[in-house]
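Just add 3 to the spot in the sequence shown (first one is 1) and you have this note's numbering.
Each residue gets a CB set at the ideal place from its N, CA and C atoms; glycine is no exception.
Notes follow the structure.
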Amino acid sequence: MASVRAEPYAFEFDPETVALLIIDMQRDFVDPGGFGEALGNDVSLLRKAIAPTKRVLEAARRAGLLVIHTREGHRPDLTDLPPSKKARGKLKTGIGDKGPMGRILVRGEYGHDIIDGLKPKASEPVIDKPGKGAFYATDLDSVLKNRGIRQLIVCGVTTEVCVNTTVREANDRGYDCLVLEDCVGSYFPEFQEYALKMIKAQGGIFGWVGVSGRLLPVLEKLKTKARKSARAGR
Ligand code: TIU
4 MASVRAEPYA FEFDPETVAL LIIDMQRDFV DPGGFGEALG NDVSLLRKAI
54 APTKRVLEAA RRAGLLVIHT REGHRPDLTD LPPSKKARGK LKTGIGDKGP
104 MGRILVRGEY GHDIIDGLKP KASEPVIDKP GKGAFYATDL DSVLKNRGIR
154 QLIVCGVTTE VCVNTTVREA NDRGYDCLVL EDCVGSYFPE FQEYALKMIK
204 AQGGIFGWVG VSGRLLPVLE KLKTKARKSA RAGR
């Protein structure tokens, strides 16, 4: 069992049954010219999460953890886009419309894909989701169950929207979530603060909140152990 300092108390996990879940690190949300910016947001607030998430992703890969990525988006014919989601915000350029990086939040478009710095490996499942939560209308739960995963280390954007919705969905399905506060981002500093507070309040009502700096040395130790057992032929 590995243990990471977190709030409201230490997050303990078995590396065999924990996965890294990276939520929606797509160009449409974090790059200038995407959906996030079309909504009137300052994307630089999300970009702060890229470097620490990259360090966690690389350490998780070295430690042999299952890594899963998600993308929010829709079919090119938009048949899975609820009219309410399309209409919301009365945007001039909204979901499905042509933006500077292709049609906004449409699968297969450049803007819909994950940023180059956090590109999934071919062996890492990518979950395409039409909603904010990663469990809604996806096979994420079955991917996790088939791999015996019971706990999730969560990074991604945005903290109060897709991260929080996914953590709440995961919590109700019996998964423990550790959210890394420097690896998640919000367009609104006050939402960042309170979205994290909501997770860890009341004894960890939805899960745990930690920082990547505490997790990285724990993952490095797992890597050393994995190497030692490989050398011992176990
Ligand atoms: N991934 C995600 O959070 N989708 C959003 O639409 N977030 C906003 O904050 N708008």
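Check	Outcome
Since residue 62 and residue 70 should fall inside the 8 Å C-beta cutoff, what is the C-beta to C-beta distance between them, to a whole number of angstroms?	11 Å between Cβ atoms; not a contact.
Any heavy atom of ligand 1 closer than 7 Å to the beta-carbon of residue 157?	no
Is the beta carbon of residue 110 less than 8 Å from the beta carbon of residue 85?	no
With DSSP collapsed to three states, give me the class of residue 119.	helix
Could you say if the segment 84 to 100 and the segment 168 to 176 meet the contact criterion of at least three C-beta pairs nearer than 8 Å?	no
So residue 204 is in the beta strand (DSSP E); what residue range does that whole segment cover?	Per DSSP, residue 204 belongs to no beta strand (DSSP E); it is in the alpha helix (DSSP H), 192 to 207.
Could you name the residues whose beta carbon sits closer than 5 Å to any heavy atom belonging to ligand 1, keeping them in chain order?	27, 75, 161, 164, 165
Please list, in chain order, all residues of the same chain as residue 44 whose beta carbon is under 7 Å from its beta carbon, the five residues on each side excluded.	190
Exposed or buried, residue 42, counting other C-beta atoms within 10 Å across all chains shown (16 or more means buried)?	exposed
Verify the CB distance criterion: does residue 53 have a CB-CB separation below 8 Å to chain B?	Among the chains of the structure shown, chain B does not appear; only one protein chain is present.
Are the segment 18 to 30 and the segment 50 to 61 in contact at 8 Å, needing three or more beta carbon pairs?	yes
At the level of alpha carbons, what is the spacing between residue 165 and residue 53?	16 Å
If contact is defined by three or more beta carbon pairs under 8 Å, each pair taking one atom from either stretch, is the segment 202 to 213 in contact with the segment 6 to 13?	yes
Determine which residues share a DSSP beta bridge with residue 97 and list them.	BP columns for residue 97 are empty, so no partner.
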